[in-house]
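Engineer:
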Amino acid sequence: MNIFRISADLLHLASFFILIFKMKATKSCKGISFKTQLMYTLVFTCRYLDLFHVLGMMITFNFAHITGLTLYNTFMKILFLAASYYIVYLMRTELKSTSDDARDTFVLWHILAPCAVLALIFNAQFTILEILWTFSIYLEAVAVMPQLMLLIETGEADSLSSHYMFAVGGYRALYLVNWVYRYATEPYYSNWIAWIAGFVQTALFGDFFYYYFVKIMSGDAALKLPT
Amino acid sequence: PGVIYTHDEL
Numbered sequence: 009m010n011i012f013r014i015s016a017d018l019l020h021l022a023s024f025f026i027l028i029f030k031m032k033a034t035k036s037c038k039g040i041s042f043k044t045q046l047m048y049t050l051v052f053t054c055r056y057l058d059l060f061h062v063l064g065m066m067i068t069f070n071f072a073h074i075t076g077l078t079l080y081n082t083f084m085k086i087l088f089l090a091a092s093y094y095i096v097y098l099m100r101t102e103l104k105s106t107s108d109d110a111r112d113t114f115v116l117w118h119i120l121a122p123c124a125v126l127a128l129i130f131n132a133q134f135t136i137l138e139i140l141w142t143f144s145i146y147l148e149a150v151a152v153m154p155q156l157m158l159l160i161e162t163g164e165a166d167s168l169s170s171h172y173m174f175a176v177g178g179y180r181a182l183y184l185v186n187w188v189y190r191y192a193t194e195p196y197y198s199n200w201i202a203w204i205a206g207f208v209q210t211a212l213f214g215d216f217f218y219y220y221f222v223k224i225m226s227g228d229a230a231l232k233l234p235t
Numbered sequence: 412p413g414v415i416y417t418h419d420e421l
């Protein structure tokens, strides 16, 4: 565990809290893409199926392979799952009337189908768990596309929404640094599937980061895109 | 070490 990895995880965790705080404080989820949030629940669900493995080890008192890192990962995985499901739940219950569904027009099959095909072809091992893990990595890389499309459609984002997007994009950028660090310091560390997907994911945020920093520098509350 | 494949990240 290096400083980049832990910062990335905390930034990711912060993104959930920023979004939940925004929704609770303003009683609105305006400007937030439900489709992106739904994709994140799918991403975490497919990726963290190994939680059952950890659960299995715990209820059989098989603690030999449970390390501090396992406990940290397990704790964070449960938090990420709970937070993403809670966000989707809020957007479909008490905040449904404020949801930007009419402008959230991205067709999810356009990312789901290619990710599924890629996961079936390019994976480390042709097993169900491994394919679902790979699918989640590919899907996470592009899951922000409905959100970006909504942002372009709207032309601007309020302060908390843009902080949220910065946290989501920034976390993967920090993971890139973490991978470089691990590649340099750990003799056999290699995970090209995550590296390529992580690079694509970070690159998708490129424009957004630019406008975010322009906004921060100019001290505006809202992030405005050029028309 | 053969294929070193890490699922130790989030």
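Just so you know, the protein sequences line up as chains A and B, in that order. Quick note on our numbering: the first sequence kicks off at 9 and runs consecutively. Quick note on our numbering: the second sequence kicks off at 412 and runs consecutively. We put the beta carbon where it would ideally sit given N, CA and C, even for glycine. Model, not experiment: these values are computed from the prediction.
1. Using DSSP with H/G/I as helix, E/B as strand and the rest coil, what is Ala-72(A)?
2. Using a 10 Å radius around the Cβ and a threshold of 16 neighbouring Cβ atoms, would you call Phe-130(A) buried or exposed?
3. Which residue's Cα is closest to the Cα of Gly-76(A): Met-9(A), Tyr-93(A) and Ala-202(A)?
4. Going by CA-CA distance only, name the one from Val-176(A), Tyr-172(A), Asn-81(A) and Gly-206(A) that's closest to Val-188(A).
5. Using a Cβ-Cβ cutoff of 8 Å, what residues of the segment 63-92 of chain A are near chain B? List them in chain order.
6. When you compare the CB of Asp-228(A) with every CB in chain B, is at least one pair closer than 7 Å?
7. Starting from the C-beta of Leu-46(A), find all residues in its chain whose C-beta is less than 7 Å away, skip the five residues before and the five after it, and write them out in chain order.
8. Where does the unbroken alpha helix (DSSP H) through Cys-54(A) begin, and where does it stop?
9. Using 10 angstroms around the beta-carbon of Ile-3(A), count the other beta-carbons present and answer buried if the total reaches 16, otherwise exposed.
Structural biologist: A quick look at the data gives this:
1. Here residue 72(A) refers to the residue found at position 64 when the first sequence is read from its first residue. Ala-72(A): coil per DSSP, three-state reduction.
2. Position 122 of the first sequence, counted from the first residue, corresponds to residue 130(A). With fewer than 16 other CB atoms across the displayed protein chains lying within 10 angstroms of its CB, Phe-130(A) is exposed.
3. For the purposes of this step, residue 76(A) is identified with residue 68 of the first sequence, where counting begins at 1. Answer by Cα proximity: Met-9(A).
4. What you label residue 188(A) is simply residue 180 of the first sequence in a count that begins at 1. Looking at the Cα atoms, Gly-206(A) is the closest of the given residues.
5. Taking 8 Å as the Cβ-Cβ cut-off, the segment 63-92 of chain A approaches chain B at Leu-77, Asn-81, Met-84, Lys-85 and Phe-88, given in chain order.
6. Position 220 of the first sequence, counting from 1, holds the residue named residue 228(A). Cβ-Cβ to chain B under 7 Å: no for Asp-228(A).
7. To locate residue 46(A), count along the first sequence from 1; it is residue 38. Result list for Leu-46(A): Val-96, in chain order.
8. Translated into the one-based positions of the first sequence, residue 54(A) becomes position 46. Looking at the DSSP string, the run of the alpha helix (DSSP H) that includes Cys-54(A) is 42-55.
9. Within the shown structure, residues of chain A are numbered from 9 to 235, placing residue 3(A) beyond reach of any answer.
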